[in-house]
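The next block holds one structure in the form of structure tokens; read it before the comments.
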Amino acid sequence: MARPKTAQPNHSLRKIAVVVATAVSGMSVYAQAAVEPKTEETITVIAAPVSQESAWGPAPTIAAKRSATATKTDTPIEKTPQSISVVTRQEMDMKQPTTVKEALAYTPGVFSTRGSSTTYDVVTIRGFTTSTTVNTNQYLDGMKLQGNNYSEVSMDPYFLERVEVMRGPTSVLYGNSNPGGIVSMVSKRPTTEPLKEVQFKWVPITCGRRGSILAMRLMITAYGLSPDRPGPQPGRAAADGEIDPLRGGALL
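Numbering (mature numbering (1 follows the signal peptide of the UniProt record, and there is no 0)), first residue to last: -33 to -1, 1 to 219.
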């Protein structure tokens, strides 16, 4: 009696199954390895210091962006509803003015000339000025410069951080002033480090109708050279020179 034959598994199918199982297993291992989080490096970003402008301090550029003349607060000029012009310290260093009226020479709406005299500053804004009081529209750090007739105060631009001009009748915000506007001067602020500086200037002296040069005045000014006298100190005259007590220089 013949026995029935039993079906034998195909060896080639078994090999294919083993290969497929191995491949699937490898794919799962690769997927699991890709999902695992990697340790990332920490990057520290340090921002560069940005100089913040203040209405009472130096401006980082030649054009100021903030002012306190119109509102008496630190306000951006573009948000100030008044006509404001600012002469910064950088601009004065470039022009080297000896008086405030020279610093305002290129300010629109301002006429500031008084010949060659440096005794006082006459600033006419929008055509308004007074003949009895010269400094009626000039202020220093928010306070009016005192004086009467021609006994007026003349500020040295070296001690100023900025000179601002506000045009228009808003000048009544400061009290007795003319409707043309005011000149608001901001003095330099102290620093944490001592500053020392010496300046030399040659100033020609003219006399006569033809303006012939008779002599040269050597302007010597020393600042902060003595801890007891941190303010401006007149320098010593050179040999055969004469001290000018008003300007702190030597007349050669």
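All C-beta atoms, glycine included, are put in the ideal place defined by N, C-alpha and C.
{"Query": "Cutoff 7 Å; reference Thr137; Cβ partners in own chain excluding five residues on either side", "Result": "Ala37, Gln49"}
{"Query": "Cβ pair Val130, Met152 closer than 8 Å", "Result": "yes"}
{"Query": "Spatial neighbours of Leu112 in its chain, beta-carbon cut-off 8 Å, leaving aside the 5 residues before and after", "Result": "Asn102, Gln105, Tyr106, Glu119, Val120, Met122"}
{"Query": "Sequence-distant residues of the same chain with beta carbon closer than 7 Å to Asp108, five excluded per side", "Result": "Val153, Ser154"}
{"Query": "Through-space distance from Met110 to Lys39, alpha-carbon basis", "Result": "12 Å"}
{"Query": "Collapsed DSSP secondary structure at Arg156 in the structure displayed", "Result": "coil"}
{"Query": "Spatial distance of Pro146 from Leu71 (CA atoms)", "Result": "18 Å"}
{"Query": "Nearest candidate by alpha-carbon position, reference Ala30, set Thr55, Arg93, Thr6", "Result": "Thr55"}
{"Query": "Distance, Ser52 Cα to Met133 Cα", "Result": "7 Å"}
{"Query": "Inter-residue spacing [alpha-carbon to alpha-carbon] between Ile44 and Ser34", "Result": "6 Å"}
{"Query": "Sequence-distant residues of its chain with Cβ nearer than 8 Å to Ser21 (five each side left out)", "Result": "Arg33, Asp41"}
{"Query": "Local Cβ density within 10 Å of Leu127, reported as buried at 16 or more and exposed below that", "Result": "buried"}
{"Query": "Residue(s) in a DSSP beta bridge with Ile51", "Result": "Met133"}
{"Query": "Val67 versus Asp88: straight-line alpha-carbon distance, rounded", "Result": "7 Å"}
{"Query": "Gly148, buried or exposed, once every other Cβ within 10 Å from all chains shown has been counted against 16", "Result": "buried"}
{"Query": "Beta-carbon proximity of Phe78 to Thr65, cut-off 8 Å", "Result": "no"}
{"Query": "Three-way DSSP call (helix, strand, coil) for Tyr106 in this model", "Result": "strand"}
{"Query": "Where Pro27 falls: helix, strand or coil (DSSP)", "Result": "coil"}
{"Query": "Selected residue, minimal CA-CA separation from Tyr125, among Thr9, Glu58, Lys46", "Result": "Glu58"}
{"Query": "DSSP bridge partner residues for Lys32 (one or two, in chain order)", "Result": "Beta-bridge pairing links Lys32 to no other residue."}
{"Query": "Rounded C-alpha distance that separates Val12 from Thr96", "Result": "56 Å"}
{"Query": "Nonlocal neighbours in the same chain, by C-beta distance under 8 Å from Val139, ignoring five residues either side", "Result": "Pro146"}
{"Query": "Per DSSP, cross-strand counterpart(s) of Ile92", "Result": "Val77, Phe95"}
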